[in-house]
Amino acid sequence: MKNLLKSRNTGLIAVLIILLVIARFLTPGMFTSTSLVSMLQNNTIYALLAIAEMMVILTGGIDISIASQLAFVGISCTTLACSHPGIPGIVWVLFAIVLGALCGALNGFLVGYLHMVPMICTLGTMYIFRGLAFVVSGGQWWFAAQYEELNGYRTFAIGQFLGLPIILWITIILLVVAGLFLGYTSAGRRIYAIGTSRESAAVAGIKEPKVTFYSFVICGAVTGLAGMLYTANYAIGYYGMADGFEMTAIAICVLGGVSITGGKGRMDGVAIGALIMSVITYFISMIPGMSVWQKSLQGGIIIVAVAINYFTEQSAKRQALKERSALI
Amino acid sequence: MPGSNYDRDLSVKEGFVLKKFLVKWEMILVYIMVLINVLLAVIKPDLYFTHGTVQSMINAGLDVSPLVLGMVFILLLGDIDVSVAAQMILGGMVTGLLMDKGLPSLICVIVGIIVCMLCGAFNGFCVAFLEMPAVITTISTSMLFRGIVEIVLGENSLKNFPKWYNKIGWMNIGGIIPLSMVLFLIMGAIFIFVLHKSPFGRKVYIVGNNPTCANYSGISVKKVKMQVFILMGFMAGIGSIFFIGRMGGGLSSSMGTGYEMTAIACAVLGGVSTNGGKGKMWGPIIATFIMAFLTYALGLMGIDPNTKKIVIGVILIVTILISTINKQMIKDIKLRLFYHNNKNIEAINDRTAAAVKDMKKQIKELEKGNASDKAAQIEKLNKKIEAAQKECKEKSAQWWAEQQENAKKAKERFK
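If you read the protein sequences in the order shown, they are chains A and B. Going by my numbering, the first residue of the first sequence is number 1, and it counts up by one from there. Going by my numbering, the first residue of the second sequence is number 1001, and it counts up by one from there.
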């Protein structure tokens, strides 16, 4: 019980409930089941990107190229699907995952094996992927009418299964699988070990370049999936899409308690963080005239979240010091 | 022992060596710049030699230049600031709003710069005193600052700016020398002096290299970080003048996205390490010109601005990769590729190579001179070289076999 009260997730859930209560009074129309589902469906891309971003942040790096990767993969899928409309949708899902993994492998190779600084490396690849998205698309835009003609392309986003859209099921399954992977497999624990301390991880026999490489590959694969689902969900495709999504993904991670210096953070926190973020964005879009506030609110939320992270870490350190001195 | 790897030169002062000077990173940047210009002059001679092309190239690329100068200091600390573009726009907005109120233009400009400095101070406070990571702080403050601009301006744009803004972006002194270049070079000279000659610059280097060491040497790391971030804010304020001047005296909330990335790219291209503590001021100054020429040249060749992004991204990555290549890295790769990860084999190969080089030198000297038993001595040395190489090969093969056998044994034991 004491642990439960102290846990960060309890605080996050409290924030979520407070937000929902405020939303209840300001926008009563929000609390129907259809609008709640549509709220989740519209913001689930952020959750997918947050999973991807978390894999990299846990190793102590950062990936700011994911939005460009998303655009590149989404555009590639759309272009190919439009030229071969007969191919079933599942092929495009798999294609997106493979292409995304290749994008991630480029980042991973540069960061892991050639020891580039993650921020600068992904800054470069951000330019490259965004440019490639333009080259692949040729500057063309795709709209709902074109997507409807494709054979089952949109099914994976908007098709219904047990009363929920399939994209939501995919996100939920990925959250659970990624959480289990990080928490309970040796590969996942290695990612944490690298983020906590590179030196001790290397001494313990963990191949640091390899783990970094694979964390970027996983990040890319999830981002690629998100790219295909983005086009399928919103039925729009152009080279500039998802601009600035990487910031939102980082915001969700930080909000969910992932330490930006690596090695700390759990998937349940990220899931709650994604929920809070989606409630805020939806809530803001419901109130007329509030949409201009979105950016500064998000920025403010990240700063406050990082500051809270910092102070809780400090108090935890002080607590640990006290306990140690009590032992002496 | 001449020619061996182990002699150390402990003298501190290095004289001017032309051979070293010519392969310095800054000189390589100069070559690249010349190369770009020559290529452009060859490919598009009718455009290049038209009056005003070079001037407009420089003018077009230098609106980002103040940000580059400030960014060098930030990167030298080992931090990063991606909120500079947003700071720049926020400062410009304050100036524009005050100008709309009818205040004298000088006060408006100064207030705009002060606002930018306050933004920088906020970043600095978060990074230095709250010890938040610079990346995440400045990402969120960039959203915050740009969000404020969006809230205040909405869809509107500001058009009322001092008249001399436009001159900075477009005027050429006497029709030949761009005003922006003159201003940039003056600022660059001041920054070179501050970074390389003043105590403050040395403090920045120490803090970037090793904050703990700086702390023990009696340098207040927090204060230095704070000062650098405020300096960055000041340069963002100056940058807003350049930027708005270049944009023709107009400002809206969506302008200038991506300028922070261009500034970082210029600084990194100029040889500033993002890990902090490494880099010179004149590299980024040349790199800014390279970036200006490059973007304009690609535009002249009819390459789409979005495709240009690929080129810039590739250049950024390749230059950083080149700058990370050093002797140690080449040695590591050699060790892995040729010497089977065996340090003994590496050592004997290195030693033999040094000895062979030494003997070949002796042969050359003998050939030049006119000793009586010249031919015999050369023969003797040649035989020696052959013997040494043979021994080296045999020993490496033997050790490699031993290593393989050991690995085999180890594998069997673990089965």
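Cβ atoms here follow ideal geometry from the backbone N, Cα and C, with glycine treated the same way. Here the structure is a predicted model, which means the values were calculated and not measured.
Residue environment, residue i, which counts as buried when at least 16 other CB atoms sit within 10 Å
i	result
Asn233 (chain A)	buried
Met1001 (chain B)	Low confidence applies here, because Met1001 (chain B) scores a pLDDT of 42, under 50, leaving its location unreliable; read the following figure in that light. Result: exposed.
Phe1016 (chain B)	exposed
Phe1193 (chain B)	exposed
Ala1297 (chain B)	buried
Pro28 (chain A)	exposed
Asn1123 (chain B)	buried
Thr1352 (chain B)	buried
Arg1336 (chain B)	exposed
Tyr230 (chain A)	buried
Cys1213 (chain B)	exposed
Gly1003 (chain B)	Because the pLDDT at Gly1003 (chain B) is just 48, under 50, the model does not fix this residue reliably, and the point stays unresolved.
Gly1208 (chain B)	buried
Thr1319 (chain B)	buried
Leu1443 (chain B)	As shown, chain B starts at 1001 and ends at 1415. That puts residue 1443 (chain B) outside it, with no answer to give.
Ile1305 (chain B)	Sequence check: residue 1305 (chain B) is Pro here, not Ile. Exposed, because fewer than 16 other Cβ atoms sit within 10 Å of the Cβ of Pro1305 (chain B).
Arg318 (chain A)	exposed
Ala226 (chain A)	buried
Ala204 (chain A)	exposed
Met1301 (chain B)	exposed
Tyr282 (chain A)	buried
Asn1406 (chain B)	exposed
Pro288 (chain A)	exposed
Leu58 (chain A)	buried
Lys1408 (chain B)	exposed
Trp1164 (chain B)	exposed
For residue i, the first and last residue of its enclosing alpha helix (DSSP H)
i	result
Gln38 (chain A)	According to the sequence as given, residue 38 (chain A) is Ser; it is not Gln. First-last of the alpha helix (DSSP H) with Ser38 (chain A): Ser33 to Leu58.
Gly179 (chain A)	Ile166 to Tyr184
Gln62 (chain A)	First, the residue type needs correcting, since residue 62 (chain A) is Ile and not Gln in the sequence shown. Per DSSP, Ile62 (chain A) belongs to no alpha helix (DSSP H) and is neither H nor E.
Lys207 (chain A)	Run containing Lys207 (chain A): none; DSSP gives neither H nor E here.
Val1272 (chain B)	Unbroken run through Val1272 (chain B): none, as it is neither H nor E.
Met1301 (chain B)	Element bounds for Met1301 (chain B): n/a, residue is neither H nor E.
Ala23 (chain A)	Arg8 to Leu26
Ile328 (chain A)	Element bounds for Ile328 (chain A): n/a, residue is neither H nor E.
Thr248 (chain A)	Phe245 to Leu255
Asn1406 (chain B)	Lys1374 to Phe1414
Lys1343 (chain B)	Lys1343 to Lys1368
Ala415 (chain A)	Lying before the first or after the last residue shown, residue 415 (chain A) is absent from chain A, which here runs from 1 to 328.
Lys1278 (chain B)	Counting along the chain, Lys1278 (chain B) falls outside any alpha helix (DSSP H), and DSSP gives it neither H nor E.
Lys1019 (chain B)	Leu1018 to Leu1022
Residues sharing a beta bridge with residue i, DSSP
i	result
Trp142 (chain A)	A:Gly237
Phe161 (chain A)	A:Leu164
Pro1178 (chain B)	B:Asn1172
Contact test: residue i Cβ vs the ligand SAH heavy atom, cutoff 8 Å
i	result
Lys1159 (chain B)	The ligand SAH is not among the ligands present in this structure, which contains no ligands whatsoever.
inquiry  = For the region 1380 to 1397 of chain B against the region 1360 to 1372 of chain B, do three or more pairs of beta-carbon atoms, one drawn from each stretch, fall closer than 8 Å, so that the two count as touching?
reply    = yes
message = Just to confirm the assignment: which complete alpha helix (DSSP H) runs, minimum length 4, are found wholly within the region 1031 to 1115 of chain B?
response = Listed in chain order, they are 1045 to 1048, 1053 to 1061, 1065 to 1076 and 1084 to 1101.
task = Evaluate contact between the region 304 to 314 of chain A and the region 1130 to 1149 of chain B, counting only Cβ atoms and requiring at least three cross-stretch pairs below 8 Å.
result = With the cut-off at 8 Å, the region 304 to 314 of chain A and the region 1130 to 1149 of chain B touch.
Length at least 4, wholly inside the region 1106 to 1176 of chain B: the alpha helix (DSSP H) runs in chain order = Counting only runs of 4 or more, we get 1134 to 1153 and 1164 to 1170.
message = Contact between the region 1151 to 1159 of chain B and the region 1101 to 1108 of chain B is defined here as three or more beta-carbon pairs at a separation below 8 Å; is this criterion met?
response = no
task = Output the residue ranges of the beta strand (DSSP E) runs that lie fully inside the region 1196 to 1252 of chain B and measure 3 residues or longer, sorted by chain position.
result = none
message = Taking 8 Å as the cut-off, does the region 1286 to 1304 of chain B touch the region 1259 to 1276 of chain B (at least 3 CB pairs, one atom from each stretch)?
response = yes
query = Taking contact to mean at least 3 C-beta pairs separated by less than 8 Å, is the region 213 to 222 of chain A in contact with the region 109 to 126 of chain A?
reply = yes
query = Just checking, does the region 266 to 279 of chain A make contact with the region 83 to 103 of chain A on the three C-beta pairs under 8 Å criterion?
reply = no
key: Three-pair Cβ contact test at 8 Å for the region 1253 to 1268 of chain B versus the region 1304 to 1324 of chain B   = yes
request  = Pick out the complete alpha helix (DSSP H) segments inside the region 257 to 323 of chain A, 4 residues or longer, and give them in chain order.
outcome  = 267 to 286
ask   = Quick check: the region 1240 to 1253 of chain B against the region 1080 to 1091 of chain B, are there 3 or more CB pairs under 8 Å?
value = yes
query = Do the region 73 to 88 of chain A and the region 126 to 145 of chain A touch if we need at least three Cβ pairs shorter than 8 Å?
reply = yes
query = Is the number of C-beta pairs between the region 167 to 182 of chain A and the region 34 to 51 of chain A that are closer than 8 Å three or more?
reply = yes
message = Quick check on the DSSP output: what are the complete alpha helix (DSSP H) runs of length 4 or more inside the region 100 to 154 of chain A, in order along the chain?
response = 118 to 137 and 144 to 149
message = For the structure I just gave you, are there three or more beta carbon pairs, one from the region 1217 to 1234 of chain B and one from the region 1110 to 1120 of chain B, closer than 8 Å?
response = yes
ask   = With contact counted as at least three CB pairs below 8 Å, one residue from each stretch, are the region 185 to 193 of chain A and the region 116 to 130 of chain A in contact?
value = Proximity of the region 185 to 193 of chain A to the region 116 to 130 of chain A falls short of the contact definition, fewer than three beta-carbon pairs being nearer than 8 Å.
key: Cβ pair count under 8 Å reaching 3, the region 140 to 153 of chain A against the region 246 to 257 of chain A   = no
ask   = Below 8 Å, can you find three or more Cβ-Cβ pairs linking the region 287 to 303 of chain A to the region 1143 to 1156 of chain B?
value = yes
message = Would you call the region 1068 to 1081 of chain B in contact with the region 1247 to 1264 of chain B, where contact means no fewer than 3 C-beta pairs closer than 8 Å?
response = Short answer: they touch.
Three-pair Cβ contact test at 8 Å for the region 1247 to 1259 of chain B versus the region 1188 to 1202 of chain B = no
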